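Oh and the sequence shown: position 25 is 76 in this note's numbering, straight run, nothing missing. Yeah, the Cβ is synthetic: ideal placement off N, Cα and C, and Gly gets one too. All figures in this text were calculated on a predicted structure; none of them were measured in a lab.
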Amino acid sequence: MVLNAMVNSAKRDVWISALVASVFLAVWLALIGFIMRRLGQASLKQWLADRYGRIVAAAICVPLGLYLSLLAIHVLKTSVGWAKAVYMPMTPAWAIVAMYLIFAFAAAYCGVQAIAITAGILLPLSLLLSLGLLIINMSNSDFRYLAPMLEFGMSPVWRGALMGASGFVDATILLLLAHHMKGPLRARHMAGIVLILAVSLSGITIQAVALFGPDEAAKQLYVFFEEWRLVRIDKFIEHLDFLAVYQWLASSFIRLALTLCLLGELLGAHSGKRLTITQLVCCLTVGGAVLWKPYSDVQYFNFATRYLFPGSLIVVVATICCVALLSWARRGGKKYAKQN
Numbered sequence: 052m053v054l055n056a057m058v059n060s061a062k063r064d065v066w067i068s069a070l071v072a073s074v075f076l077a078v079w080l081a082l083i084g085f086i087m088r089r090l091g092q093a094s095l096k097q098w099l100a101d102r103y104g105r106i107v108a109a110a111i112c113v114p115l116g117l118y119l120s121l122l123a124i125h126v127l128k129t130s131v132g133w134a135k136a137v138y139m140p141m142t143p144a145w146a147i148v149a150m151y152l153i154f155a156f157a158a159a160y161c162g163v164q165a166i167a168i169t170a171g172i173l174l175p176l177s178l179l180l181s182l183g184l185l186i187i188n189m190s191n192s193d194f195r196y197l198a199p200m201l202e203f204g205m206s207p208v209w210r211g212a213l214m215g216a217s218g219f220v221d222a223t224i225l226l227l228l229a230h231h232m233k234g235p236l237r238a239r240h241m242a243g244i245v246l247i248l249a250v251s252l253s254g255i256t257i258q259a260v261a262l263f264g265p266d267e268a269a270k271q272l273y274v275f276f277e278e279w280r281l282v283r284i285d286k287f288i289e290h291l292d293f294l295a296v297y298q299w300l301a302s303s304f305i306r307l308a309l310t311l312c313l314l315g316e317l318l319g320a321h322s323g324k325r326l327t328i329t330q331l332v333c334c335l336t337v338g339g340a341v342l343w344k345p346y347s348d349v350q351y352f353n354f355a356t357r358y359l360f361p362g363s364l365i366v367v368v369a370t371i372c373c374v375a376l377l378s379w380a381r382r383g384g385k386k387y388a389k390q391n
C-alpha cells in the first residue's frame, strides 16, 4: 500500500520520490548501524534498562511496541483486503484472518531463526520475480508518460517521498533483532540493502507510470498486481498474475510472523510458556483489531495515507533518535560499564 500511496501523491514524479526516499533509507540505516555497534549483541530493551533504568527502557519500548502492533494490524488488514478483492471474494474475512494468524503464530513460536531461514528461501525468489516483471513489461511501457518532470514543483515529490520513507522505517526491525544476530551488520551489508531496495522501488514506480500513465496509476489500489496482469511471454504464456499472489503472501507472512515474535520480546517474554502465551495474545489482539470494525479498502487507504504512515514515521524517527542520543552519551551501566 505504500507504493500506491507514493504513486497517488507524486503521480509521474513518483520515481524521483523513490530516489529521495532511498536517500532517507541510507541515512536511516547508518543511524541504525551506529546504534547497533553501541549495543553489541545486547537486546535493546535490556541495554537501556541496564544503562538508564527500567523507566527509560519502557519509555523507548512502548512507542516501538505500538509501532509493531500497528504494523502487524496494517499487514494483516491489507492482506485480507487484497485477498478478498483479487482471488477469494466469497471467503469470509474471519477465515482469511485465521489462516494468516495460524501460520504466523506457528512461525513466531518456532523463533527468529526459523523465520530467518524461511525468509531466506521465500524472499530471494520474490526479488527475482520482481526483476523479471520489470524486464518483461518493458515492451508494454511508454516512458513518455514520465515527462514533463517536476510539472508541479517539488511538493508532490516530497509527499511521495514521505510515503516511501514511512515504509522504509521498517528497517528499525534490524535494531530489534540485534541480539539474535551472530555479528554486527557491516557497511557493505547496509549498502547492499539500500541498493536492492532503491533499484526495486525506483523500477516498480517508473514502470507503474510508464504502463498506466500517472492518472490511471494513481487510481489503482493494487498497482503492483495490475502490473503482473499485463505480463505475457510469447503467444502461449500469460495470466501469470498468480505469481503476484506468491510475492504478497511471502512478504506479508514474514513481516507478520517477525512482528509477532518481536512484540512478545518487547513485552518482556523471552522464552518458554510465557512467550508462547504472549504471542498468542498478540495474535488474537491483531486479529480482533482487523475484524472489529471492517472498513472498505478505499477508506482504509485514506486513513493510512493521512494518519497511519506519517504518524508512524514521526513516532519511530523520534524514538530512534532518542536511542541514538542515549547511546552516544556513553553512560555506563552495571553490565556494560567495563566495556566502555
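Taking its Cβ as the centre, do 16 or more other Cβ atoms sit within 10 Å of Asp64, making it buried, or is it exposed?
Here the question's residue 64 lines up with position 13 in the sequence shown. So Asp64 counts as buried.
Which residue's Cα is closest to the Cα of Asp221: Val163, Pro140, Leu122, Tyr196?
For this step, residue 221 is matched to residue 170 along the sequence shown. If we check each option's Cα against that of Asp221, Leu122 comes out closest.
Helix, strand or coil for Arg283? Go by DSSP, reduced to three states.
Sequence index remark: in the sequence shown, residue 283 carries index 232 (1-based). Of the three classes helix, strand and coil, the one that applies to Arg283 here is strand, per DSSP.
Looking at the strands, I want to know which residues DSSP matches up with Ile288.
Translated into positions along the sequence shown, residue 288 becomes position 237. Ile284, per the DSSP bridge assignment.
Go ahead and label Tyr358 buried or exposed: buried means 16 or more other beta carbons lie within 10 angstroms of its beta carbon, across all protein chains shown.
Position 307 of the sequence shown holds residue 358. Tyr358 should be labelled exposed.
Cβ-Cβ distance between Gly104 and Leu318 below 8 angstroms:
Taking the sequence shown and counting its residues from 1, the one referred to as residue 104 is at position 53. Taking the sequence shown and counting its residues from 1, the one referred to as residue 318 is at position 267. In terms of Cβ geometry, Gly104 and Leu318 do not form a close pair [threshold 8 angstroms].
Spatial distance of Ala249 from Trp343 (CA atoms)
Translated into positions along the sequence shown, residue 249 becomes position 198. Translated into positions along the sequence shown, residue 343 becomes position 292. If you take the alpha carbons of Ala249 and Trp343, they lie about 36 angstroms apart.
Could you check how far apart the C-beta atoms of Leu313 and Leu227 are, in whole angstroms? I think they sit under 8 angstroms.
The count along the sequence shown starts at 1 and reaches residue 313 at position 262. The count along the sequence shown starts at 1 and reaches residue 227 at position 176. About 5 angstroms; that satisfies the 8 angstroms criterion.
Using the beta-carbon count (16 or more within 10 Å), is Met52 buried or exposed?
Reading the sequence shown from its first residue, position 1 is the one you call residue 52. Per the 10 Å Cβ criterion, buried.
Skipping 5 residues on each side, what residues in its chain have a beta carbon closer than 6 angstroms to that of Lys386?
Position 335 of the sequence shown, counted from the start, is the residue given in the question as residue 386. Note that Lys386 has pLDDT 45, beneath the 50 cutoff, so the model's placement of it is unreliable and no number is given.
Nearest-angstrom Cα separation, counted from Lys324 out to Leu281
Within the sequence shown, the letter at position 230 stands for residue 281. Within the sequence shown, the letter at position 273 stands for residue 324. Spanning the two alpha carbons is a distance of roughly 48 angstroms.
Three-state class that DSSP yields for Gln390 in the structure shown
Within the sequence shown, the letter at position 339 stands for residue 390. With a pLDDT of 44 at Gln390, under the threshold of 50, the predicted position of this residue should be treated as unreliable, and no value is reported.
Unbroken alpha helix (DSSP H) run spanning Gly323, endpoints:
Taking the sequence shown and counting its residues from 1, one reaches residue 323 at position 272. That run of the alpha helix (DSSP H) goes 323 to 343.
Whole-angstrom Cβ separation of Ala61 and Ser68, contact assumed at under 8 angstroms?
As a position in the sequence shown, residue 61 is number 10, starting the count at 1. As a position in the sequence shown, residue 68 is number 17, starting the count at 1. That belief holds up - the Cβ atoms of Ala61 and Ser68 are roughly 4 angstroms apart, short of 8 angstroms.
For Asn191, which residues from the same chain have a beta carbon less than 7 angstroms from its beta carbon, with the 5 sequence-adjacent residues on both sides left out?
Working through the sequence shown from its first residue, we reach residue 191 at position 140. Correct list, in chain order: Leu262, Leu281.
Among the residues of its own chain, which have a CB less than 6 angstroms from the CB of Ala259, if the five just before and after it don't count?
On the sequence shown, residue 259 is found 208 positions in, with the first residue counted as 1. If we look at Ala259 and ignore the five residues flanking it on each side, its Cβ neighbours are Val58, Ala268, Val274.
What did DSSP end up calling Lys233 once you bin it into helix, strand or coil?
Position 182 of the sequence shown, counted from the first residue, corresponds to residue 233. Of the three classes helix, strand and coil, the one that applies to Lys233 here is coil, per DSSP.
Helix, strand or coil: how does DSSP classify Leu294 here?
Within the sequence shown, the letter at position 243 stands for residue 294. Leu294: helix per DSSP, three-state reduction.
I believe Val337 touches Leu127 by the beta-carbon criterion, under 8 angstroms. Please report the beta-carbon distance rounded to the nearest angstrom.
Here residue 337 is taken as the residue at index 286 of the sequence shown, counted from 1. Here residue 127 is taken as the residue at index 76 of the sequence shown, counted from 1. Val337 to Leu127, Cβ: 6 angstroms. Contact.
Cα-Cα separation, Lys135 to Gly84
Here the question's residue 135 lines up with position 84 in the sequence shown. Here the question's residue 84 lines up with position 33 in the sequence shown. Going from the Cα of Lys135 to the Cα of Gly84 covers about 39 angstroms.
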